[in-house]
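Peer 1: I am attaching a structure below and will ask some questions about it afterwards.
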Amino acid sequence: MAHASVEKKSAFWFHLGAIITVTAWGVSFISTKICQGPPNDLTPVEVYVLRFTMAYLLVLAACHKRFWSNSLRDELLFATCGLCGGSIYFIAENTAIQYTLVSNVALITTTAPLITTMLVGLIYKSERPNLGTVLGSLLAFLGVGCVIFNSSFNAAIRPLGDLLALAAALGWAIYSIVLRKLNALYSVMFISRKTFFYGLLTALPFLAFEPGSLRWEVLCRTEVWANLLFLGVFASMVAYIIWAQAVKRLGAVKASNYLYFSPIVTLVASQIFLDEAITLVGLIGCALILLGVWLSDLLSRPR
7 MAHASVEKKS AFWFHLGAII TVTAWGVSFI STKICQGPPN DLTPVEVYVL
57 RFTMAYLLVL AACHKRFWSN SLRDELLFAT CGLCGGSIYF IAENTAIQYT
107 LVSNVALITT TAPLITTMLV GLIYKSERPN LGTVLGSLLA FLGVGCVIFN
157 SSFNAAIRPL GDLLALAAAL GWAIYSIVLR KLNALYSVMF ISRKTFFYGL
207 LTALPFLAFE PGSLRWEVLC RTEVWANLLF LGVFASMVAY IIWAQAVKRL
257 GAVKASNYLY FSPIVTLVAS QIFLDEAITL VGLIGCALIL LGVWLSDLLS
307 RPR
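Rendered as structure tokens:
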């Protein structure tokens with residue numbers, strides 16, 4: 007009984023960590039929008055490279071004694087983490103907004119937990135999702151749709167942007183599954199450092215094909231450097247470390263379900279910082295997300 011109580015208290019902190027991480031990522035959408043919008047006009051790749059460079063240097067300062075992983079196979083897995091959870095996810099998501107509706111992008115990228123659940127079920131026969139997990143995920147996904155279409159029900163289909171958003175969701179799902187393998191062999195700091203490094207390395211080709219708009223006077227603006235500082239230190243370095251710990255303790259599927267909270271955070275942050283109204287549809291969506299995540303967790307517990 008005492009051991010079970012300790013386990014329960016320990017799990018609570020990992021659940022709390024997942025919530026804090028998703029909160030940071032929800033607010034990061036606002037920070038990214040400020041940096042990329044006029045009059046700053048930084049490109050999606052520039053914002054991504056700046057935030058990940060900051061995060062990488064900070065983690066490197068704390069974790070620099072070991073450079074290589076145990077094998078070439080593991081090194082390729084780290085490269086996959088950097089590619090799927092870094093450059094592909096962020097660049098595809100931010101670029102998709104240029105070709106389709108923001109509501110479409112937000113809705114499609116938050117399918118990552120559902121994709122993660124399906125992929126884990128295909129790879130690990132012992133962890134196939136039960137009916138409760140599927141129903142809870144679908145209910146939460148319905149809530150996400152309500153939150154995203156909080157102010158508009160326009161769901162125009164523009165294939166290029168929607169495919170880019172789907173690529174971002176698939177990339178995050180693959181990252182979550184690969185992260186699970188690496189968590190058993192390496193420390194969270196080492197994994198985070200490797201992810202940031204390969205995330206930057208795989209982003210460099212995008213810089214070559216994107217016209218730059220980076221100007222020092224833009225970086226010196228308080229709203230720009232303050233938001234970049236938040237994106238690099240908290241939304242990247244701290245959040246990725248906490249997320250890796252949460253995935254290690256809770257599992258890829260259960261941790262990924264917390265991503266459904268991101269639209270709620272974005273909804274509230276948009277109202278505070280961008281003065282966007284919260285409607286009844288948005289509130290209903292928030293309730294559905296909370297109910298769906300709770301139901302998925304409740305029905306997936308061993309009896």
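Just so you know, the numbering used here puts the end of the sequence shown at 309, numbered straight through with nothing missing. Beta carbons: idealized from backbone N, C-alpha and C, even for Gly. No experiment lies behind these values; they were computed from the predicted model shown.
Do you know offhand how far Ser93's Cα is from Val184's?
Peer 2: Sequence index remark: in the sequence shown, residue 93 carries index 87 (1-based). Sequence index remark: in the sequence shown, residue 184 carries index 178 (1-based). About 16 Å.
Peer 1: Should Pro45 go down as buried or exposed, given a rule of 16 or more other Cβ atoms within 10 Å for buried?
Peer 2: If you number the sequence shown from 1, residue 45 lands on position 39. Classification of Pro45: exposed, given that the 10 Å Cβ count is below 16.
Peer 1: Are any of the Cβ atoms in chain C nearer than 7 Å to that of Val194?
Peer 2: Of the protein chains in this structure there is only one, and it is not chain C.
Peer 1: Buried or exposed: which applies to Pro50, given that a residue is buried once 16 or more other Cβ atoms fall within 10 Å of its Cβ?
Peer 2: Position 44 of the sequence shown holds residue 50. Buried: at least 16 other Cβ atoms inside 10 Å.
Peer 1: Can the beta-carbon of Ala118 be found closer than 7 Å to that of Tyr266?
Peer 2: Taking the sequence shown and counting its residues from 1, one reaches residue 118 at position 112. Taking the sequence shown and counting its residues from 1, one reaches residue 266 at position 260. No, the Cβ-Cβ distance between Ala118 and Tyr266 is not below 7 Å.
Peer 1: Where Ser34 and Ser302 are concerned, what is the direct C-alpha to C-alpha distance, given to the nearest angstrom?
Peer 2: One-based indexing of the sequence shown puts residue 34 at position 28. One-based indexing of the sequence shown puts residue 302 at position 296. Cα to Cα, the separation comes out at about 26 Å.
Peer 1: Which class does Ala190 belong to by DSSP, given the choice of helix, strand or coil?
Peer 2: Position 184 of the sequence shown, counting from 1, holds the residue named residue 190. It is coil, neither helix nor strand.
Peer 1: How many angstroms separate the CA atom of Ile163 from the CA atom of Leu148?
Peer 2: Your numbering for residue 163 matches position 157 in the sequence shown. Your numbering for residue 148 matches position 142 in the sequence shown. At Ile163 the pLDDT is 49, less than 50, meaning the model places this residue with poor confidence; the figure from the coordinates comes in the next sentence. Approximately 18 Å between the Cα atoms of the pair.
Peer 1: Taking only the alpha-carbon atoms, compute the straight-line gap between Cys226 and Val53 and give it to the nearest angstrom.
Peer 2: Translated into positions along the sequence shown, residue 226 becomes position 220. Translated into positions along the sequence shown, residue 53 becomes position 47. If I take the Cα positions, the gap works out to 14 Å.
Peer 1: Exposed or buried, Tyr130, counting other C-beta atoms within 10 Å across all chains shown (16 or more means buried)?
Peer 2: Walking along the sequence shown from the start, residue 130 turns up at place 124. It is exposed - the Cβ of Tyr130 has fewer than 16 other Cβ atoms within 10 Å.
Peer 1: Among Thr59, Tyr105, Val271, Cys292, which residue has its Cα nearest to the Cα of Ala171?
Peer 2: Counted from its first residue, the sequence shown places residue 171 at position 165. The candidate whose alpha carbon is nearest that of Ala171 is Tyr105.
Peer 1: Report the option in Ile40, Thr201, Val28 whose CA atom is closest to the CA atom of Tyr62.
Peer 2: The residue labelled residue 62 in the question sits at position 56 within the sequence shown. Residue Thr201 is the option with its Cα nearest to Tyr62.
Peer 1: Taking Thr101 as the reference, which of Arg72, Lys39, Leu56 has the closest Cα?
Peer 2: Within the sequence shown, the letter at position 95 stands for residue 101. Nearest C-alpha to Thr101: Lys39.
Peer 1: So, do the segment 189-198 and the segment 241-249 have three or more beta carbon pairs nearer to each other than 8 Å?
Peer 2: Inter-segment contact for the segment 189-198 and the segment 241-249 is present: three or more beta-carbon pairs are separated by less than 8 Å.
Peer 1: Is the CB-CB distance between Ala261 and Ala30 below 7 Å?
Peer 2: By 1-based counting over the sequence shown, the position of residue 261 is 255. By 1-based counting over the sequence shown, the position of residue 30 is 24. No, the pair does not count as a contact, with Cβ atoms beyond the cut-off.
Peer 1: Would DSSP call Leu170 helix, strand or coil?
Peer 2: Along the sequence shown, one-based indexing puts residue 170 at 164. Leu170: helix per DSSP, three-state reduction.
Peer 1: Throw me the rounded Cβ distance for the Ile36 and Ala241 pair, which I believe falls under 8 Å.
Peer 2: Looking up residue 36 in the sequence shown gives position 30. Looking up residue 241 in the sequence shown gives position 235. With a Cβ gap of about 11 Å, Ile36 and Ala241 do not count as contacting.
Peer 1: Quick one: Cα of Asn189 to Cα of Lys254, how far?
Peer 2: Within the sequence shown, residue 189 is the residue found at index 183, counting from 1. Within the sequence shown, residue 254 is the residue found at index 248, counting from 1. About 6 Å.
Peer 1: So, at 7 Å on beta carbons, what are the nonlocal neighbours of Glu229 in its own chain, with the 5 sequence-adjacent residues on each side left out?
Peer 2: Here the question's residue 229 lines up with position 223 in the sequence shown. Excluding residues within five positions, the ones whose Cβ falls inside 7 Å are Ile40.
Peer 1: Just to confirm the assignment: which complete alpha helix (DSSP H) runs, minimum length 4, are found wholly within the segment 57-112?
Peer 2: 78-88, 95-102
Peer 1: Return the residue from the list Thr122, Val65, Asn263, Ser182 that minimises the CA-CA distance to Cys87.
Peer 2: Here residue 87 refers to the residue found at position 81 of the sequence shown. Measuring from the Cα of Cys87, the nearest candidate turns out to be Ser182.
Peer 1: Tell whether a beta-carbon distance below 7 Å holds between Tyr204 and Phe58.
Peer 2: For the purposes of this step, residue 204 is identified with residue 198 of the sequence shown, where counting begins at 1. For the purposes of this step, residue 58 is identified with residue 52 of the sequence shown, where counting begins at 1. Not closer than 7 Å, so no.
Peer 1: Distance check for Trp300 and Leu141, CA to CA, integer angstroms please.
Peer 2: Against the sequence shown, residue 141 aligns to sequence position 135. Against the sequence shown, residue 300 aligns to sequence position 294. One C-alpha to the other measures close to 11 Å.
Peer 1: Skipping 5 residues on each side, what residues in its chain have a beta carbon closer than 6 Å to that of Tyr95?
Peer 2: Taking the sequence shown and counting its residues from 1, the one referred to as residue 95 is at position 89. Taken in chain order, the residues that qualify are Ala174, Gly177, Trp178.
Peer 1: Between Ile270 and Cys152, how many whole angstroms is the CB-CB distance? I'm expecting something under 8 Å.
Peer 2: Locating residue 270 in the sequence shown gives position 264, counting from the first residue. Locating residue 152 in the sequence shown gives position 146, counting from the first residue. Actually they are not in contact, since the Cβ atoms of Ile270 and Cys152 sit about 11 Å apart, beyond 8 Å.
Peer 1: Consult DSSP for Arg221 and reduce its assignment to one of helix, strand or coil.
Peer 2: Counted from its first residue, the sequence shown places residue 221 at position 215. Residue state, collapsed to three classes: coil.
Peer 1: Just verifying my parser: in three-state terms, what is the DSSP assignment at Gly43?
Peer 2: Mapped onto the sequence shown, residue 43 falls at position 37. If DSSP states are grouped into helix, strand and coil, Gly43 belongs with coil.
Peer 1: Going by other Cβ atoms of all chains shown within 10 Å of its Cβ, with 16 needed for buried, is Glu223 buried or exposed?
Peer 2: By one-based count along the sequence shown, residue 223 stands at place 217. Residue environment: Glu223 is assigned as exposed (fewer than 16 neighbouring CB atoms within 10 Å of its CB, all protein chains considered).
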